[in-house]
Structures are given as structure tokens and as C-alpha cells.
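Colleague: Numbering (the working numbering), first residue to last: 19 to 130.
Dumping the structure here so I can ask a few things about it.
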Amino acid sequence: ATLEDGSCLYQGCTDPAAFNYDSSATLPGECVGAVSGCLDPAALNFYEGANTASGNCAYGGCTDSVRLNYDSTATLDDGLCAPLFPGCTDSRSYTYKPFYDQDDGSCRIPGC
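Right under this line is the structure:
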């Protein structure tokens, strides 16, 4: 257009730092500030008011990799790791018990 008739004007947020910045806007409009936080509702630190991911979501669970209920996605230990039961874990041994989940070297296998 060679003559401005208003048809080329577009209202939007012209602040590049705003959450709703619109690079095609030619007239200043309402801007929404960026609010950083955890956007995952499953996280312990989910922030409903956030509109920009902080990258710092926290997840509770057992963080001890030798426990039966270890959670590889957990970032904070919730203190609920399953207890360990040391004993013989080899079913060929007469000292074996099925509830042992950590071999303690006590297995005795007849004939060995």
C-alpha cells in the first residue's frame, strides 16, 4: 500500500521480553509477562501461574538404585525406599529364603 488506510496495522504485544510477544504487531497491545516455573502437574513444585518452563521440576520417590522401589525419575528422595533384606539369594542353597533381596555372601550350596 502506498497510502496508509489502517489496513496494515496490527495490534499485539510489541515487547520482545513478554510471554505473548508478536513480531508482526505494528501497534502496541496488551503484553503478558513471562512467569517461570514448573509446568508439570505431576511434579512436587508445579506452579499453576507459570507460563514459561523453568526446567527445574521436582519429583519425589526412592532415589536409592539398589532398592526394589527405585524410581529413576525421582529427583528428591521421599524417605519411602523399601527396606533391604540381606541373606542368601541363590535358590540352590539350603540357606535361601525368597524374601532376601540383597545377597550377603551367606549362601551354602551342598557339594560345592
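We put the CB at the ideal spot given by N, CA and C, even for glycine.
Just so you know, these numbers come straight off a predicted model, no measurement behind them.
1) Mapping the DSSP letters down to three states, classify threonine 95 as helix, strand or coil.
2) Assign alanine 133 to one of three DSSP states: helix, strand, or coil.
3) Whole-angstrom Cβ separation of glycine 105 and aspartate 122, contact assumed at under 8 Å?
4) Using three-state DSSP, classify leucine 27 as helix, strand or coil.
5) Going along the chain, which residues of its own chain have a beta-carbon closer than 7 Å to the beta-carbon of proline 34, five neighbours each way excluded?
6) Whether or not the segment 42-49 and the segment 58-69 are in contact is what I'm after, with contact meaning three or more pairs of Cβ atoms, one per stretch, closer than 8 Å; do they touch?
Modeller: Once the coordinates are examined:
1) Position check: residue 95 holds aspartate in this sequence, whereas threonine was assumed. In the structure shown, aspartate 95 sits in a strand (DSSP, three-state: E or B).
2) For residue 133 there is no data in the structure shown, the boundaries of the chain being 19 and 130.
3) About 6 Å separates the CB atoms of glycine 105 and aspartate 122; that is less than 8 Å, so the two are in contact.
4) coil
5) none
6) no
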